[in-house]
Amino acid sequence: MANPTWFNRDEYLSSKLMQLRASGDTSYNNITALALAIEEAGMTPYSHFEAFGAIERTSPNQYFNANEYLAAKAEQMNALPGNTQAWTADTVAQAIADANLSIWSHFQIFGGQEGVNPSNAFDVGQYFDAKLVQLQAAEPDQGWTLQQVKDAFSAGGIDPITHFTAFGASEELVVTPVPEAEKVPTDERAIITLTTATGEIIDGTVLNDTFNAVLGTNSTLNESDKIDGLAGEDTLNIVADGAVAVPLSATITNVEKINFANTGSVSGTILAGQFVGATQITQSGNAVAISGVAAETTVGFSNLAINEVAVGFTGTQGSITLDDVRFTGSIVINGADLETLNISGNVTDSLPDIPTDRDVLDLDGTAAASVTTINLNVTSGTTLSMSTGTFAGLTTLDASASTGGIGGYITAPGLEAILTGSGNDSIGLSGGKTDLTINLGAGDDRLTASAANSGNTMTLGEGNDVIIFNSAAGVDGYLRNVLETDPTALEATFASQIVSVTDFNGTADVLSFVGTAAGQSTLNGAGYELTTEQVTSVAAAENLFDALGLAATATGINNWTSFQYDGNTYILQNDGTEGFNGGPGGAIATRGDGVIELTGFIGELTETNLVRGVTDVG
Numbered sequence: 001m002a003n004p005t006w007f008n009r010d011e012y013l014s015s016k017l018m019q020l021r022a023s024g025d026t027s028y029n030n031i032t033a034l035a036l037a038i039e040e041a042g043m044t045p046y047s048h049f050e051a052f053g054a055i056e057r058t059s060p061n062q063y064f065n066a067n068e069y070l071a072a073k074a075e076q077m078n079a080l081p082g083n084t085q086a087w088t089a090d091t092v093a094q095a096i097a098d099a100n101l102s103i104w105s106h107f108q109i110f111g112g113q114e115g116v117n118p119s120n121a122f123d124v125g126q127y128f129d130a131k132l133v134q135l136q137a138a139e140p141d142q143g144w145t146l147q148q149v150k151d152a153f154s155a156g157g158i159d160p161i162t163h164f165t166a167f168g169a170s171e172e173l174v175v176t177p178v179p180e181a182e183k184v185p186t187d188e189r190a191i192i193t194l195t196t197a198t199g200e201i202i203d204g205t206v207l208n209d210t211f212n213a214v215l216g217t218n219s220t221l222n223e224s225d226k227i228d229g230l231a232g233e234d235t236l237n238i239v240a241d242g243a244v245a246v247p248l249s250a251t252i253t254n255v256e257k258i259n260f261a262n263t264g265s266v267s268g269t270i271l272a273g274q275f276v277g278a279t280q281i282t283q284s285g286n287a288v289a290i291s292g293v294a295a296e297t298t299v300g301f302s303n304l305a306i307n308e309v310a311v312g313f314t315g316t317q318g319s320i321t322l323d324d325v326r327f328t329g330s331i332v333i334n335g336a337d338l339e340t341l342n343i344s345g346n347v348t349d350s351l352p353d354i355p356t357d358r359d360v361l362d363l364d365g366t367a368a369a370s371v372t373t374i375n376l377n378v379t380s381g382t383t384l385s386m387s388t389g390t391f392a393g394l395t396t397l398d399a400s401a402s403t404g405g406i407g408g409y410i411t412a413p414g415l416e417a418i419l420t421g422s423g424n425d426s427i428g429l430s431g432g433k434t435d436l437t438i439n440l441g442a443g444d445d446r447l448t449a450s451a452a453n454s455g456n457t458m459t460l461g462e463g464n465d466v467i468i469f470n471s472a473a474g475v476d477g478y479l480r481n482v483l484e485t486d487p488t489a490l491e492a493t494f495a496s497q498i499v500s501v502t503d504f505n506g507t508a509d510v511l512s513f514v515g516t517a518a519g520q521s522t523l524n525g526a527g528y529e530l531t532t533e534q535v536t537s538v539a540a541a542e543n544l545f546d547a548l549g550l551a552a553t554a555t556g557i558n559n560w561t562s563f564q565y566d567g568n569t570y571i572l573q574n575d576g577t578e579g580f581n582g583g584p585g586g587a588i589a590t591r592g593d594g595v596i597e598l599t600g601f602i603g604e605l606t607e608t609n610l611v612r613g614v615t616d617v618g
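When the letters of the sequence shown are read in order and numbered with my numbering, they come out as residues 1 to 618.
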């Protein structure tokens, strides 16, 4: 006779194995040995469940957990109007037994109809809702209601789990876990400690199991050992004493969290591919290299110092979490196919010359030229350090989810976008950065840009923000962001070279023009104030190019001015030649005029919000 669809042999054996271990019986390491013992007793797993399931509170499938069902039923009983008894899982179990029912049969007959969840993994209310939606779509003229769906289940003698295993899965209905706020508490888990024996075969249970093992001295994770976590969210804790190498003949499957506690002078490389089904591999104590990390696995470092450690990814996406990590070297990122790198967490107590409110996150992407996006989500003040030439293909640095302030001098050559979050950020751009989109998010932020940065678009966000237009020593230190050297092409290209600030707030934000030495400004000259007639003439120009030409002519050579045109404010630096003529005219042949657009700003530029020749602002 075939087992009913709701009975899953391996899930039941796993539940029975857990029950034995909880009672102190460690005779069986895995469900294979347990099944053999049941068969030797003249029973099948199904008949064993029928005979003993009610007493032992074992579960026949992954969606039914006897203890969680009893807890949910107790909550329902205690909430009934007029109830005077303090129901517990134990008193509910006794009442069910007094009614000559098993826990599972009680759910089949009553629990599903009453809306009592069979486990935290199966929300019966949402399952009925999903079935209703399906029926209404398939039979729009029948007028299906939720109560009619429940009545149909009852009339057919079928509960939600049995329906799903028999029909729902093939109908593409989906089982939804109970929302966190509605889950019943459960402290069930199996703690399994490996021994020094070789060839151990150890199965987990349907619960959230914990496996404990040792590598190195007195190793308990040995040749030919086999660990299968089965269902649940399982954890393998490994104390690595001197070495992290797991024997190649050992197999570890269906264990989601792998924790390495590395002690002493640990060495070697963690081979992530040995942990089949792992979603997270975390190291603490000391850090060693890890390779073969798949896209679905997150690499974690916790409470340790990193002095150059390599992380190798195999897919197009890689993720790293940091918790109380100190950097004295780099995380070296490897991955020929890696396109997106996600980094989250916090760093602490790094190099002594770094300000106390911002510690170092050091990345080396020399071998990760295919990375186009870095997503940074940190909660601590973080200075991002990336060596020159590293992450050659990087186009987007997205730290918009970060609440800690982001700092750093950004050198990635192909970068197109920088986004920061709600912390107080301090970002520096190299002189060659052009055509960048920058969004600083909330917080009191500081952006240091080169006077030669061209075509950048800057959004400051909420807070009191400062943009510093700086220059390096040994160059023409003035605003020179219009780089077109062909005067005949200037009208077609100049707009793409203007630096735009999209949301300048004249009462909160500051533009600072700082030269190569204290007291020198990157705005050349004393500044020219257009006359009323010139203001009128500029405002009436047919287009922005003509307006810039009129303003440049009025200002004269080696001087600057500001004016408003078409709802925006412009700051214009004229070079050493008359008029607005682009690149030629500065001490460097390809650098000439400079233009900054304050988009939508028609307020007044004052000595407070436009500062010249000051080395530190805000």
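Each residue gets a CB set at the ideal place from its N, CA and C atoms; glycine is no exception.
This one's a predicted model, so the numbers in the text were calculated from it and none came from an experiment.
- Buried is the label assigned to GLY423, since at least 16 other Cβ atoms lie within 10 Å of its Cβ.
- ALA449 is bridged by DSSP to PHE469.
- The DSSP-derived three-state label of GLU68 is helix.
- Runs of the alpha helix (DSSP H) lying entirely within the segment 283-343 and spanning at least 4 residues: none are present.
- With contacts defined as CB atoms closer than 8 Å, ARG480 and ALA452 qualify as a contacting pair.
- Per DSSP, reduced to three states, the secondary structure at GLU11 is helical.
- Of the candidates GLY393, THR348, THR507, ILE331, the residue whose Cα lies closest to the Cα of ASP337 is GLY393.
- Below 8 Å, enough C-beta pairs join the segment 113-128 and the segment 166-185 to call them touching: three or more.
- Annotated three-state conformation of LYS226 is strand, per DSSP.
- In this structure, ASN334 lies near ALA367, with their beta-carbon atoms less than 8 Å apart.
- In the displayed model, ASN78 falls within a helix according to three-state DSSP.
- Beta bridge pairing from DSSP links PHE260 with ILE238, GLN283.
- In the displayed model, ILE158 falls within coil according to three-state DSSP, outside both helix and strand.
- Annotation: the continuous beta strand (DSSP E) that includes VAL595 extends over 594-598.
- In this structure, the beta-carbon distance from ALA272 to ILE281 falls below 8 Å.
- If you look at SER422, you'll find it isn't in any alpha helix (DSSP H); DSSP assigns it neither H nor E.
- In this structure the segment 93-103 does not touch the segment 204-211; the number of beta carbon pairs closer than 8 Å is below three.
- Linking ARG326 to THR348 through their CA atoms gives a straight-line distance of about 5 Å.
- Taking the Cα of TYR570 as reference, the smallest distance to any Cα among GLY329, GLN19, LEU530 is reached at LEU530.
- Counting only the Cα atoms, ASN65 lies some 14 Å from LEU17.
- Excluding sequence positions up to five before and after THR263, its CB lies within less than 6 Å of the CB of ASP241, GLY285, all in the same chain and listed in chain order.
- Partner residues in a beta bridge of LEU544, as assigned by DSSP, do not exist.
- For GLN19, the three-state secondary structure derived from DSSP is helix.
- For SER47, the enclosing alpha helix (DSSP H) has its first and last residue at 45-56.
- Nearest to THR608 by alpha-carbon distance, out of ASN464, ILE498, ALA540, is ASN464.
- For THR321, the CB contacts under 7 Å within the same chain, skipping 5 residues up- and downstream, are THR298, GLY300, SER344, GLY345 in chain order.
- It is roughly 10 Å from the alpha-carbon of GLY157 to the alpha-carbon of HIS163.
- In this structure GLY567 touches GLY600 by the C-beta definition: roughly 6 Å separates them, less than 8 Å.
- Residue THR502 holds the alpha-carbon nearest to the alpha-carbon of THR457 among THR502, THR58, ASP575.
- Look at VAL174 here: in three-state DSSP terms it is coil, with no helix or strand label.
- Listed in chain order, the non-local C-beta contacts of THR5 below 6 Å within the same chain comprise THR165, ALA166, local neighbours out to five positions each way being set aside.
- No residue range can be given for ILE109, since it is assigned to no beta strand (DSSP E) and is classified by DSSP as neither H nor E.
- Counting the other Cβ atoms within 10 Å of the Cβ of GLN85 gives fewer than 16, which makes it exposed.
- In the three-state reduction of the DSSP assignment, ALA37 falls in the helix class.
- Sequence-distant partners of TYR46 (beyond 5 residues in either direction) whose C-beta falls short of 6 Å from its own C-beta, in its chain, are ASN3, PHE7.
- Within a 10 Å sphere around the beta-carbon of VAL276 sit fewer than 16 other beta-carbons, which makes this residue exposed.
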